[in-house]
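Novice: Residue numbers (this note's numbering): 3 to 639. Next up is a structure, given as C-alpha cells.
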Amino acid sequence: MSHILAGEGEKVLLMGNEAIARAALEAGICVATAYPGTPSTEIIETLSEVAGKCGIYVEWSINEKVAFETAYAAAITGVRSITAMKHVGVNVAADILMSSAYSGVKEGFVVVSADDPGEHSSQNEQDNRWYGLLAHIPVIEPSSARDSYYLTKEAFELSSRYEHPVILRTTTRVSHTRQPVELTGDVPSEKKCKGVFDKNYERWVLVPANARKQKTRMMKIWEAIRRNEGREPFIRVWNPGRSKVVIASGISYSHAEEALRLLDALNDVTLIKVSLPVPLPPAPITTVLKDAKEVLIIEELDPVVETQVKDIAVDEGLSVKIHGKNMIPENGELSIDRVFEPVAKFIGRETLPPWQSIGEVKTEPPIPPRPPVLCAGCPHRSTYYIVKTALNKAGIRNTVFTGDIGCYTLGYQKPFETQMTCFEMGGSLGIAHGFGKVLENTVIAVIGDSTFFHAGIPPVLNIVYNDSKVIPLILDNSTTAMTGHQPHPGTGITAMGLRTTAILPEKILEQAGFKTIVINPLRVKESIELLTQAFKEYLKGERIAIVSRMRCALEVARDARRKQVVLPIYTIIEDKCTGCMACANLTACPAIIVPAGSKKPIILEELCNGCGLCASICPYKAITVKNTPSPEWERLW
C-alpha cells in the first residue's frame, strides 16, 4: 500500500475508495470505522493497512449503527473521523444519523454512503441523497475517482466550518474505477487524536426541550450552507448565458460532458457540474435559469436535483422548461449509452451515437447461463445437504427456510432451496419469528456468523422472549466472506490485526435459552446423525439452534498454498460410477461436470478443494481421494 502514502506532488493510480481513504488521511483523521459492504469496503481496508504507520485507529464495527456512533463520538470531542457503509447500511445507522444533525460535531466528520445503482451486489438501489434532505445533512457527490480525492478533503473542511456532519455519496462506478491522481498534500505526521468532551448538556442530550433548540441551530446551518456554498468546487458553471442548460450531478456529469464532447456541443450549452446536490445552493442556479429557455437535468437514480431546481424556478418566478426523468432513465446506473441520445435530442440533434451497439452476442452452440454459485468446497453446500437429509430422516416435511444476506443466500437455488426469503441483514430471524406465529410448518432461519453479530442477536432474543419454535441455523465460516474476508467478533482478530476476545455464537444462543448443536460439515455422516437426533428432540418440544462451523473454502485454499499443505483431490472411478448423477444433482458443485457426449460426471481436479461431500453422497463409493494429502490438511478447515 505504499502508493497510499506517496508524497505531495506524486501521481498515483487510485481506486475511488482508495482516493477517499488517502484524502481522509490528508485531512487528518484519527478514527475510521465501518461495517464491510460492497461497494464501500476498500475505504476501511485501505486505512487498516496503513493504520500503524499513520497512528490512526481503524475498526470493523459490529454493524453500521455502531460504526457511526464510534466515529461520531470522536468528532464531538474534536477529533476528525470518517465512517463508511453501503447505501443499505445507512438504513441501519439512520437513527443516530438523524440525531447527529441536531447536535452537530466539534471537528470534521464524513459519512460515506456508497450507493449501488443497478443493484450489482445489493437488494435495492435506493438513492441516499434523500437522507441528506431528510436529516438536513449536506451531501457531496464526486464524479470520478479523482474527484473523490479532492471532494473528500472539501467534505472535511465543510464539516469543520459548520460543525456539522457531511455525507459523501459515491456510486459503484466511482468507488471501483481507477484514475491517476496527483496528490496535492501530504499525510500529516502530527494530528489531533485525543479529544476533549465538552459537557454541554443542552447540545448533546436530545431530550425534547433541548432537541427543539438544536433543531433551530441545525436549520440556521442548513440555510447558511444553501446561501454560502454555491461556489467551486461544489458548483461549477461553464458557458453562462446560453439558452439551453445541462445540469449534471456526480458521475452523471462525466457522462453528460462526454456526450456533449462527442456531439461537438460543449460550447453550445451552459453546463453546470453539481457536486453539492443537497442542499442545492439556489444562487448560481437562479443566475443561470434567468437566461435559460430549456434545462436538462442528468442524475443517477432519483430526481433529487431536478426537484430542487424546479422549486428554485417556481420560487423565483422563472418561466423555463425543465426536463429530467422524462428524458433520463430513473432506474439502473447511467452510462454514455443511456445518456447520449437524450442529450442529442435536447440540443436538437437527432443523431445516433458514433459507435455501433454490438447487441446480443450469439454463438453456436449458445453460451450457457452462468449464475453465481457456491464455491467448490464451500461449507454451506455441505451444511444444506446435511440439514435437509437430517430433516427427512427425522420425518419433518415442508420446512420453510428464511434467508439472509451473505454468500449463503445462493442457497435459494436448486438443489438446496434453503433460502425462501431475503430482505435485509438479520431479517431471516425476524421473518422466521413472524412465520412461526402463523404457519404450521417447521421454520429454520439461516444466517451467517458476521450477519448474526450484525443484526441477528436482537431477533434471536425476541424468538425466545415471545416463545417461538423457530430453529436458528448459524453458518459460521469464520469470516465475513461475501465482502472480502474481513474479521468480525467471532474471529478474535481486529481490523488492525490485533488479537482480541473471540465471541462464539453458540455461547450467545445457549445463554438465550437454546439447546445448541455445533456441527462440523466436513464430517457429513456424523453431522447428519447429530441433527437427526436434534430434530427429533425439537418435535418433542425442545428449543434447539444449530451452529455449523467450517472455514470458508477460499481461505482454506489460500492458506494451503501459503503453508504448502496438500489438500485432498477427489476423483471418480469410472468403472464404479453408474452415472446416477447424485454427486452432481445433490451438490451442484462447480468442480463436478458432465463432459459433452458423456453420461458420467468427472471432477475437475484444478477446482476441487477436497471437502469430500461428493464422496459422502455417492451410493456406489465411486468417488475417492486421488492424491496423498498432507497429514495436517484437516486442521486448515
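Note that CB positions come from ideal geometry on N, CA and C, so glycine has one too.
Assuming Thr-401 and Ile-530 form a contact by the criterion Cβ under 8 Å, report the distance between their Cβ atoms to the nearest whole angstrom.
Specialist: In the sequence shown, the residue the question calls residue 401 occupies position 399. In the sequence shown, the residue the question calls residue 530 occupies position 528. With a Cβ gap of about 15 Å, Thr-401 and Ile-530 do not count as contacting.
Novice: Where do the ends of the alpha helix (DSSP H) carrying Arg-229 lie?
Specialist: Here residue 229 corresponds to residue number 227 of the sequence shown, with the count starting at 1. Arg-229 -> alpha helix (DSSP H) spans 210 to 230.
Novice: Please report the straight-line C-alpha distance between Ile-449 and Gly-408, rounded to a whole angstrom.
Specialist: Working through the sequence shown from its first residue, we reach residue 449 at position 447. Working through the sequence shown from its first residue, we reach residue 408 at position 406. C-alpha separation (whole angstroms): 8 Å.
Novice: List the DSSP bridge partners of Gln-488.
Specialist: Locating residue 488 in the sequence shown gives position 486, where the first residue counts as 1. For Gln-488, which the question treats as bridged, DSSP gives the partners Thr-482.
Novice: Please report the Cβ distance between Ala-396 and Thr-580, rounded to the nearest whole angstrom; I am assuming they are in contact, meaning their Cβ atoms lie under 8 Å.
Specialist: Numbered from 1 along the sequence shown, position 394 holds the residue referred to as residue 396. Numbered from 1 along the sequence shown, position 578 holds the residue referred to as residue 580. Actually they are not in contact, since the Cβ atoms of Ala-396 and Thr-580 sit about 29 Å apart, beyond 8 Å.
Novice: Please look up how many angstroms separate the CB atoms of Met-87 and His-138, rounded, as I've assumed it's under 8 Å.
Specialist: Indexing the sequence shown from 1 puts residue 87 at position 85. Indexing the sequence shown from 1 puts residue 138 at position 136. Rounded, the Cβ-Cβ distance is 19 Å, inconsistent with contact.
Novice: Val-322 by DSSP, collapsed to three states: which one?
Specialist: Taking the sequence shown and counting its residues from 1, the one referred to as residue 322 is at position 320. Coil.
Novice: Please identify the residue among Thr-48, His-435 and Val-209 whose C-alpha is closest to the C-alpha of Glu-459.
Specialist: On the sequence shown, position 457 is the one that residue 459 refers to. The identity of residue 459 in the sequence shown is Ile, whereas the question assumes Glu. Considering only alpha carbons, the answer is His-435.
Novice: Using the Cα positions of Glu-352 and Val-345, report the straight-line distance between them to the nearest angstrom.
Specialist: Position 350 of the sequence shown, counting from 1, holds the residue named residue 352. Position 343 of the sequence shown, counting from 1, holds the residue named residue 345. Answer to the nearest angstrom: the Cα atoms are 10 Å apart.
Novice: Give the C-beta separation of Leu-170 and Val-90 to the nearest angstrom, bearing in mind that I take them to be a contact with Cβ-Cβ under 8 Å.
Specialist: For the purposes of this step, residue 170 is identified with residue 168 of the sequence shown, where counting begins at 1. For the purposes of this step, residue 90 is identified with residue 88 of the sequence shown, where counting begins at 1. The Cβ separation is near 17 Å, so there is no contact.
Novice: First and last residue of the beta strand (DSSP E) that includes Pro-621?
Specialist: Taking the sequence shown and counting its residues from 1, one reaches residue 621 at position 619. Here Pro-621 belongs to no beta strand (DSSP E), and DSSP marks it neither H nor E.
Novice: In terms of residues, what are the limits of the beta strand (DSSP E) holding Met-17?
Specialist: Residue 17 sits at position 15 when you count from the first residue of the sequence shown. Segment 13 to 17, the beta strand (DSSP E) holding Met-17.
Novice: For Pro-190, count neighbouring C-beta atoms within 10 Å of its own C-beta (all shown protein chains included) and say buried if the count is 16 or more, exposed if not.
Specialist: Here the question's residue 190 lines up with position 188 in the sequence shown. By the 10 Å Cβ count, Pro-190 comes out exposed.
Novice: Which term fits Phe-199, buried or exposed, when burial requires 16 or more other beta carbons within 10 angstroms of its beta carbon?
Specialist: Here residue 199 corresponds to residue number 197 of the sequence shown, with the count starting at 1. Exposed, because fewer than 16 other Cβ atoms sit within 10 Å of the Cβ of Phe-199.
Novice: To the nearest angstrom, report how far apart Ala-23 and Trp-62 are at their CA atoms.
Specialist: Walking along the sequence shown from the start, residue 23 turns up at place 21. Walking along the sequence shown from the start, residue 62 turns up at place 60. Rounded to the nearest angstrom, the two C-alpha atoms are 15 Å apart.
Novice: So, for Gly-302: in the same chain, excluding its five sequence neighbours on each side, which residues have a beta-carbon less than 7 Å away from its beta-carbon?
Specialist: The residue you call residue 302 lines up with position 300 of the sequence shown. The sequence shown places Glu at residue 302, rather than the Gly named in the question. The residues are Pro-119, Thr-173, Gly-252, Ile-253, Ser-254, Glu-335 and Leu-336.
Novice: Mind checking whether Pro-603 and Ile-571 have CB atoms under 8 Å apart?
Specialist: Numbered from 1 along the sequence shown, position 601 holds the residue referred to as residue 603. Numbered from 1 along the sequence shown, position 569 holds the residue referred to as residue 571. Taking 8 Å as the Cβ cut-off, Pro-603 and Ile-571 do not qualify as a contacting pair.
Novice: Taking the beta carbon of Gly-612 as the centre, do at least 16 other beta carbons fall within 10 Å, making it buried, or is it exposed?
Specialist: As a working mapping, residue 612 is identified with position 610 in the sequence shown. Buried is the call here.
Novice: So, with DSSP's three-state summary, where would you put Val-389?
Specialist: For this step, residue 389 is matched to residue 387 along the sequence shown. Helix.
Novice: How do the stretch 513 to 524 and the stretch 428 to 448 stand: do at least 3 beta-carbon pairs fall below 8 Å, yes or no?
Specialist: Taking 8 Å as the limit for Cβ pairs, the verdict is that the stretch 428 to 448 does not touch the stretch 513 to 524.
Novice: Could you pull out every residue in the same chain whose Cβ sits closer than 6 Å to the Cβ of Pro-38, ignoring the five residues on either side in sequence?
Specialist: Here residue 38 is taken as the residue at index 36 of the sequence shown, counted from 1. Correct list, in chain order: Thr-482, Thr-485 and Gln-488.
Novice: Apply the 10 Å Cβ neighbour rule to Pro-367 and answer buried if 16 or more other Cβ atoms are within range, or exposed otherwise.
Specialist: The residue labelled residue 367 in the question sits at position 365 within the sequence shown. Under this definition Pro-367 is an exposed residue.
Novice: For Arg-525 and Leu-477, I'd like the C-alpha separation in whole angstroms.
Specialist: By one-based count along the sequence shown, residue 525 stands at place 523. By one-based count along the sequence shown, residue 477 stands at place 475. Approximately 15 Å, taken between the alpha carbons.
Novice: Within a Cβ cutoff of 6 Å, which residues of the same chain sit near Ala-76, ignoring the five residues on either side of it in sequence?
Specialist: The sequence position of residue 76 within the sequence shown is 74, counting from 1. Same-chain partners within the cutoff: Val-33 and Ser-83.
Novice: Asp-117 bridges to which residues according to DSSP?
Specialist: The count along the sequence shown starts at 1 and reaches residue 117 at position 115. According to DSSP, which records beta bridges pairwise, Asp-117 is partnered with Thr-173.
Novice: If the criterion is Cβ atoms closer than 8 Å, does the pair Pro-167 and Val-94 meet it?
Specialist: Start at 1 with the first residue of the sequence shown, and residue 167 comes out as number 165. Start at 1 with the first residue of the sequence shown, and residue 94 comes out as number 92. Going by C-beta atoms, Pro-167 is not nearer than 8 Å to Val-94.
Novice: Exposed or buried, which one is His-382 when buried takes at least 16 other CB atoms within 10 Å?
Specialist: Position 380 of the sequence shown holds residue 382. With 16 or more Cβ atoms within 10 Å of its Cβ, His-382 is classed as buried.
Novice: With 16 other CB atoms within 10 Å as the buried threshold, where does Glu-127 fall?
Specialist: By one-based count along the sequence shown, residue 127 stands at place 125. Buried is the call here.
Novice: Let's see if you can read the secondary structure: which residues bound the beta strand (DSSP E) around Leu-273?
Specialist: Your numbering for residue 273 matches position 271 in the sequence shown. It spans 272 to 276 - the beta strand (DSSP E) in which Leu-273 sits, taken as one unbroken run.
Novice: Do you know how far the Cα of Glu-608 is from the Cα of Ser-600?
Specialist: By one-based count along the sequence shown, residue 600 stands at place 598. By one-based count along the sequence shown, residue 608 stands at place 606. So the two alpha carbons sit approximately 20 Å from each other.
Novice: Which residue spans inside the stretch 399 to 440 form an unbroken beta strand (DSSP E) run of at least 3?
Specialist: Segments of the beta strand (DSSP E) lying fully in the stretch 399 to 440: 402 to 404.
Novice: Would you kindly work out how many angstroms separate the C-alpha atoms of Ala-96 and Leu-376, rounded to a whole number?
Specialist: Along the sequence shown, read from residue 1 onward, the residue named residue 96 stands at position 94. Along the sequence shown, read from residue 1 onward, the residue named residue 376 stands at position 374. Rounded to whole angstroms, Ala-96 to Leu-376 spans 32 Å at the Cα level.
Novice: Going by C-alpha distance, which of Ala-378, Leu-160 and Pro-633 is nearest Arg-228?
Specialist: As a position in the sequence shown, residue 228 is number 226, starting the count at 1. The candidate whose alpha carbon is nearest that of Arg-228 is Leu-160.
Novice: Taking C-alpha atoms, which residue in Glu-28, Met-583 and Glu-508 lies nearest to Asp-451?
Specialist: Residue numbering aside, residue 451 sits at position 449 when the sequence shown is read from its first letter. Taking only the C-alpha atoms, the option nearest Asp-451 is Glu-508.
Novice: Gly-458: beta carbon under 7 Å from a heavy atom of the ligand MG?
Specialist: No copy of the ligand MG occurs in the structure displayed, which carries no ligand at all.
Novice: Is it the case that the Cβ atoms of Tyr-386 and Thr-420 are separated by a distance below 8 Å?
Specialist: Your numbering for residue 386 matches position 384 in the sequence shown. Your numbering for residue 420 matches position 418 in the sequence shown. In this structure, Thr-420 lies closer than 8 Å to Tyr-386 by Cβ.
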